[in-house]
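The structure appears right after this line, and notes come after that.
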Ligand code: NG1
Ligand code: ZN
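In UniProt numbering, the protein residues as written are 8 to 553.
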């Protein structure tokens with residue numbers, strides 16, 4: 008096995024703090040206070056290069072971000088060649104390397120290399136890197152590239168980008184010689200691809216009113232401003248749209264995600280602090296790395312209305328279901344919606360009973376949703392927090408490409424469907440791309456005098472719900488029963504029984520408890536027929552688990 012000595016040498020500059028708690032590669036890779044992340048990021052560099060070699064030199068992505076978390080935090084995660092998350096069976100390797108004392112890193116690396124390679128492997132390794140706007144990002148990239156150099160890997164550092172753009176670049180790089188390359192391998196190529204899809208989908212439409220985007224003072228602001236240069240002029244009759252950017256300060260890290268952004272809006276069920284929208288004006292919020300989006304507006308009388316990931320999923324599923332039918336492809340393309348247990352029960356009911364589409368429920372974490380969605384011709388997946396996208400299978404793409412329209416209406420449906428496959432990010436949830444999706448749908452549904460966003464809101468009524476974060480002595484004592492999508496506790500023993508008893512007392516009650524993968528806490532989600540009942544239910548559950 009090569010490189011062991013180089014790694015041991017380079018690791019001395021990035022030593023693991025002796026007394027640190029165990030690190031774990033969780034739902035979002037490694038994420039914690041940035042001061043603790045230097046050695047971890049170094050070991051991620053080793054693993055990324057190893058993974059590339061294992062996959063015959065395919066390019067692996069590494070993203071440095073802590074998304075919606077405070078500016079002092081940071082995180083690092085690995086992106087597989089097609090832009091999806093690191094294959095699950097490798098997560099334990101990431102965890103193991105991160106926890107190896109620096110003096111033993113050579114042996115740990117060599118053991119792992121022998122385990123994954125079986126025989127000698129001299130493939131060239133390729134890695135691409137990006138980071139969000141956090142000040143700690145630059146230093147962490149140094150830790151990463153020191154490891155990549157020790158591993159003899161080739162790398163490109165793309166600097167500051169949104170998470171979805173790094174996923175896009177990873178897939179574009181690995182498909183450049185395919186018969187259908189994913190796109191040009193550049194940040195500009197990403198903007199061009201999205202804008203071209205938008206123009207096609209909007210050729211007969213003009214959006215109603217304007218849209219204001221709260222960028223959480225994160226990297227999404229830079230991306231959106233650059234992207235708007237590729238869009239039709241605001242007053243263009245076909246596809247022109249007025250987009251205002253707010254909370255776009257990326258020069259001052261202290262304001263990142265502060266009282267703004269998708270997570271602030273979703274968890275607090277309130278507008279960002281700087282909100283000054285007029286009734287029925289469309290607003291949306293990105294999170295700190297622009298892979299989540301939440302929409303909202305106010306009704307007359309200042310009533311706040313939020314449209315979260317569940318709403319985007321239902322909007323997308325109903326629109327896409329509709330145009331697939333109009334395009335004459337309903338019997339060739341199967342559509343499903345994938346959710347987690349955090350999806351509002353009313354949305355699940357709406358999809359199954361009204362849209363008559365299949366719903367699947369997976370454990371928390373995008374990788375699970377993505378994986379299940381990819382089994383369908385069209386898989387719509389969203390977490391309630393606004394992370395999600397729509398996946399089109401090879402079969403769906405083929406059916407759309409080869410369909411022969413029999414009427415102008417069919418042609419329009421097919422053209423729109425084709426355009427969606429172009430601008431919807433196929434690798435990961437993407438705030439910018441999801442925003443275009445929502446805007447295209449609302450524009451197609453506008454025109455009968457009612458505000459399209461208000462109409463979207465009234466399709467169904469959410470069950471009152473709440474999400475609690477509870478600090479407990481040991482979150483790892485909370486485990487869930489396999490194959491229940493984390494909806495049933497296995498341990499602490501007896502707790503699920505008590506929980507069931509509590510829930511049974513409430514009309515339309517539902518509640519589950521699981522350990523967070525990104526924070527040192529346990530999350531409790533509950534819903535019931537009234538707000539009062541939810542509050543009551545969650546209070547009893549909190550007392551029980553503390
Ligand atoms: P954890 O901390 O494991 O609950 C959170 C979010 C996930 C996902 C990951 C990754 C909730 C309830 N959980 O996971 O949906 O976004 O972070 O960022 O919102
Ligand atoms: Zn994010």
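No residue lacks a Cβ here, since even glycine has one placed at the ideal position from N, Cα and C.
Proximity of residue i and residue j at Cβ, strictly below 8 Å
i, j, result
"residue 67", "residue 59", "yes"
"residue 486", "residue 503", "no"
"residue 205", "residue 158", "no"
"residue 535", "residue 515", "yes"
"residue 323", "residue 448", "yes"
"residue 165", "residue 136", "yes"
"residue 153", "residue 17", "yes"
"residue 335", "residue 417", "yes"
"residue 140", "residue 22", "no"
"residue 443", "residue 464", "no"
"residue 528", "residue 478", "yes"
"residue 555", "residue 349", "Residue 555 lies beyond the range of the chain shown here (8 to 553); nothing can be said about it."
For residue j and residue i, the rounded distance between their alpha carbons
i, j, result
"residue 542", "residue 288", "31 Å"
"residue 46", "residue 256", "30 Å"
"residue 598", "residue 244", "Residue coverage of the chain in this structure runs from 8 to 553, which leaves residue 598 outside it and unanswerable."
"residue 207", "residue 311", "33 Å"
"residue 197", "residue 169", "11 Å"
"residue 227", "residue 219", "13 Å"
"residue 300", "residue 276", "13 Å"
"residue 500", "residue 546", "20 Å"
"residue 523", "residue 351", "19 Å"
"residue 30", "residue 330", "46 Å"
"residue 261", "residue 343", "41 Å"
"residue 12", "residue 292", "47 Å"
"residue 432", "residue 549", "38 Å"
"residue 340", "residue 450", "24 Å"
"residue 482", "residue 28", "14 Å"
"residue 241", "residue 249", "5 Å"
"residue 531", "residue 476", "6 Å"
"residue 123", "residue 466", "50 Å"
Nearest-angstrom Cβ-Cβ length linking residue i and residue j, presumed shorter than 8 Å
i, j, result
"residue 69", "residue 134", "6 Å"
"residue 510", "residue 521", "Actually they are not in contact, since the Cβ atoms of residue 510 and residue 521 sit about 15 Å apart, beyond 8 Å."
"residue 371", "residue 72", "The Cβ separation is near 18 Å, so there is no contact."
"residue 225", "residue 297", "7 Å"
"residue 472", "residue 533", "7 Å"
"residue 398", "residue 380", "5 Å"
"residue 384", "residue 354", "Wrong, their Cβ atoms sit about 21 Å apart, outside the cutoff."
"residue 147", "residue 48", "5 Å"
Coarse secondary structure for residue i, derived from DSSP in three states
i, result
"residue 75", "coil"
"residue 289", "strand"
"residue 304", "strand"
"residue 440", "helix"
"residue 508", "helix"
"residue 553", "coil"
"residue 485", "coil"
"residue 81", "strand"
"residue 28", "coil"
"residue 409", "helix"
"residue 459", "helix"
"residue 476", "strand"
"residue 219", "strand"
"residue 312", "strand"
"residue 497", "strand"
"residue 340", "coil"
"residue 118", "helix"
"residue 532", "strand"
Residue i burial status per 10 Å Cβ neighbour count (16 or more: buried)
i, result
"residue 489", "exposed"
"residue 423", "buried"
"residue 375", "buried"
"residue 537", "exposed"
"residue 346", "buried"
"residue 211", "exposed"
"residue 390", "buried"
"residue 382", "exposed"
"residue 200", "buried"
"residue 84", "buried"
"residue 50", "buried"
"residue 24", "exposed"
"residue 437", "buried"
"residue 38", "buried"
"residue 273", "buried"
"residue 539", "exposed"
"residue 88", "buried"
"residue 214", "buried"
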